[in-house]
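Here is the structure we will look at, set down as structure tokens.
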Amino acid sequence: MGQVARLTVNGEDHQLSVHCDETLLETLRDRLGLTSVRETCGIGICGTCTVLVDGRPLSSCVLLTRLADGAQVTTLEGLAGPNGALHPVQEAFLAQQAFQCSYCTPGMILSVVALLTENPTPTPEEAAAYLTGNLCRCGSYLRILAAVQDAARRLQLRRNPQTNSCSPG
Amino acid sequence: IVQLHAAVYAGRVVNQLTAALQNEGSMIMGLGSALFEELVYDDGQPLTTNLSDYLIPSFLDLPVTLSHELLECPGAEVHGLGETALPPVPAAIGNAVARAIGACLTELPLTPERVFRALRATR
């Protein structure tokens with residue numbers, strides 16, 4: 001027996017008939033084929049399944065789709081630009097090699113996007129505290145913190161293309 | 170942990186960044202096995218069955234400084250780095266604790282309860 005949930009996922013509107021106990025993780029991954037959304041603990045602890053719901057990073061494994069009715073959802077697939085250009089946070093992760101097995105990476109990138117929206121110039125301590133809910137078994141934490149600083153610079157340059165912290169000559 | 174340092178023999182390093190990642194990751198895994206990770210069983214039934222009970226290091230568990238060296242030797246062969254930096258970490262932390270409290274712990278992880286009991290046993 002289904003109930004209707006209206007979601008905008010990565011800019012696309014969906015009207016779905018979902019079970020009352022269907023989680024957003026199941027809807028995004030199994031129903032909509034967005035396989036960047038992954039499950040690890042299934043109990044909202046590890047952050048692997050993190051997606052942005054109206055800009056907020058949430059664990060999709062413990063969010064009932066029915067309760068996300070009307071929300072704008074962003075997964076990693078929705079970060080790249082319309083011409084396929086990578087988001088500055090994605091570019092920073094690549095430049096800093098902020099991953100090993102990359103299983104935590106989609107959730108981590110989305111959390112960093114949310115972090116830099118809230119706080120465009122976080123200190124490493126602020127970044128670490130914000131990202132505590134995203135576990136990385138491979139221990140790429142130091143590279144991820146480097147990627148946060150790199151992404152902050154890239155986003156700053158995007159906002160102010162004329163002002164550049166590099167000194168001329 | 171305030172300061173954690175590892176020097177790892179790496180033969181000939183082909184990819185500096187990846188090798189550094191290997192070391193950092195291994196050291197953080199070693200931190201986990203030293204301080205947090207424990208499989209607990211009760212009559213054969215596992216009790217630590219999810220990440221809520223089996224604790225792995227998060228961002229906030231990083232040492233204040235974590236550093237490492239990749240020791241190369243000219244003419245050495247290229248070989249896998251693996252998780253070489255991992256096993257010495259619990260040993261190093263165990264030694265640091267033993268020096269601090271004057272008693273050796275012989276069980277991992279070095280939980281507060283185990284440290285407390287070892288401290289009490291020295292009196």
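Residue numbers (the numbering used here), protein chains in the order written: chain A, 1 to 169; chain B, 170 to 292.
Heads up, the beta-carbon is just placed ideally off N, CA and C, and yes, glycines get one too.
query: Proximity below 8 Å, CB of S170 (chain A) to CB of T50 (chain A); result: Here chain A covers residues 1 to 169 and nothing more, so residue 170 (chain A) does not appear.
query: Interface positions of the stretch 231-243 of chain B facing chain A (Cβ-Cβ less than 8 Å), listed along the chain; result: L231, L235
query: Beta strand (DSSP E) segments (min. 3 residues) lying fully within the stretch 226-285 of chain B; result: 234-241
query: Of the listed residues A:P120, A:P57, A:G139, nearest to P226 (chain B) (C-alpha basis); result: A:G139
query: Closest residue to L190 (chain B) among A:Q96, A:L67, A:R29 (Cα-Cα distance); result: A:Q96
query: Simplified DSSP assignment, three categories, for A176 (chain B); result: strand
query: P195 (chain B) versus F228 (chain B) - alpha carbon distance; result: Residue 195 (chain B) is actually Ser in this sequence, not Pro. Taking the straight line joining both Cα atoms gives about 15 Å.
query: Partners in chain B for Q100 (chain A), counting only beta-carbon separations shorter than 9 Å; result: T187, L190, Q191, G194
query: Contact list for A128 (chain A) against chain B, beta-carbon separation under 9 Å; result: S227, F228, L229, L231
query: Interface partners of R153 (chain A) on chain B, CB under 7 Å; result: Residues of chain B passing the Cβ test: none, with the nearest at roughly 19 Å.
query: Euclidean distance between Cα positions of Y141 (chain A) and T234 (chain B); result: 13 Å
query: Alpha-carbon spacing of Y223 (chain B) relative to F205 (chain B), whole angstroms; result: 8 Å
query: Any C-beta of chain B under 8 Å from that of V115 (chain A); result: The sequence given here has Leu at residue 115 (chain A), not Val. Closer than 8 Å: no.
query: C-beta atoms of V182 (chain B) and E241 (chain B) nearer than 8 Å; result: yes
query: Distance between F285 (chain B) and V266 (chain B) (C-alpha atoms, nearest Å); result: 11 Å
query: is_contact[S221 (chain B), chain A] using C-beta, thresh 8 Å; result: yes
query: Beta-carbon proximity check, L274 (chain B) vs A287 (chain B), cutoff 8 Å; result: yes
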